[in-house]
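**Q** Going by the working numbering, the sequence shown opens with residue 875, and the numbers climb by one from there. Where a beta carbon is used, it is the ideal one built from N, C-alpha and C, also for glycine.
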Amino acid sequence: MHRLHLLVALAFALTAAAANAQVSLNSVRVVAKDAEALGKFYSTAFGMHETNRLQTQNGPELFLNFGATVDAAKANMSPAVVIMQTPQGPANDPVMHVIFTVRDAAATAAAAKAAGGTVARDAAQFGNSGIFIAFVVDPEGNRIELLQQPQR
């Protein structure tokens, strides 16, 4: 009987692993009362470019990605940031946020501030890990974590 339970558990684990292998991140959505203005912030602060745009009943939905040019951003297969315009803007949830991997958390936080965002937490090392983390808030109130990996 014990062996049967083990086989059932193993079959379930293999099925779950196969299903999870088919899942990947498509994009991250943030909301804004003014998607155009927030798109400019992400472009200025993080070097993103608009790669697509949909018109909704609440206004534009902008798709942005990283790249030196618009064409490079369109060719980038990484998940996009999607800015969706809503009448109420973002929820004020302190946990939900976008996480960007950056080369220099302090410099990127400064760029976000210069582009109209605010620095919620200056770049600081996470324990003794060599990882530096900063938090910024975009002009609509969406939180963004800036994660700088250890220097190698």
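Would you mind stating whether Ala906 and Pro964 have Cβ atoms separated by less than 9 Å?
**A** Result yes, Cβ atoms of Ala906 and Pro964 sit closer than 9 Å.
**Q** Quick check: Leu938 and Ala947, are their CB atoms within less than 9 Å of each other?
**A** Contact flag set, yes.
**Q** Quick one: what does DSSP say Asp996 is sitting in, helix, strand or coil?
**A** Note: Asp996 maps to strand in three-state DSSP.
**Q** On the criterion of 16 or more Cβ atoms from any shown chain inside 10 Å, does Gln999 qualify as buried, or is it exposed?
**A** The residue is exposed, with fewer than 16 neighbouring Cβ atoms inside 10 Å.
**Q** Check for me: the beta strand (DSSP E) holding Ala984 runs from which residue to which?
**A** Looking at the DSSP string, Ala984 is not in any beta strand (DSSP E); the run it does join, the alpha helix (DSSP H), is 979-988.
**Q** Check whether chain D comes within 9 Å of Arg977, counting only Cβ atoms and requiring the distance to be less than that.
**A** No chain D is part of this structure, which consists of one protein chain only.
**Q** For the candidate residues Gly921, Gln1022, Ala981, Arg927, whose alpha-carbon lies nearest to that of Gln959?
**A** It is Arg927.
**Q** Using only alpha-carbon positions, find the residue among Gly933, Gly921, Glu935, Thr992 that is nearest to Ala942.
**A** The option with the nearest alpha carbon to Ala942 is Gly921.
**Q** Can you tell me where the alpha helix (DSSP H) with Gly1004 in it begins and where it stops?
**A** That residue, Gly1004, is in no alpha helix (DSSP H); it is neither H nor E in DSSP.
**Q** Where does Asp1012 sit, in a helix, a strand or coil, going by DSSP?
**A** Coil.
**Q** What are the start and end residues of each continuous alpha helix (DSSP H) run of 4 or more residues lying completely inside the segment 905-950, in chain order?
**A** Complete alpha helix (DSSP H) runs here, min 4: 909-920, 944-949.
**Q** Would you call Gly991 buried or exposed, if buried means 16 or more other Cβ atoms sit within 10 Å of its Cβ?
**A** Its Cβ being crowded by 16 or more others within 10 Å, Gly991 is buried.
**Q** Please classify Asn1016: is it buried, with 16 or more other beta-carbons within 10 angstroms of its beta-carbon, or exposed?
**A** Burial call: buried.
**Q** Starting from the C-beta of Asn932, find all residues in its chain whose C-beta is less than 6 Å away, skip the five residues before and the five after it, and write them out in chain order.
**A** Excluding residues within five positions, the ones whose Cβ falls inside 6 Å are Gln959, Thr960.
**Q** Taking the alpha carbon of Phe915 as the point to measure from, which residue in Gln1022, Val955, Ser1003, Gln1025 has its own alpha carbon closest?
**A** That would be Val955, whose Cα lies nearest to the Cα of Phe915.
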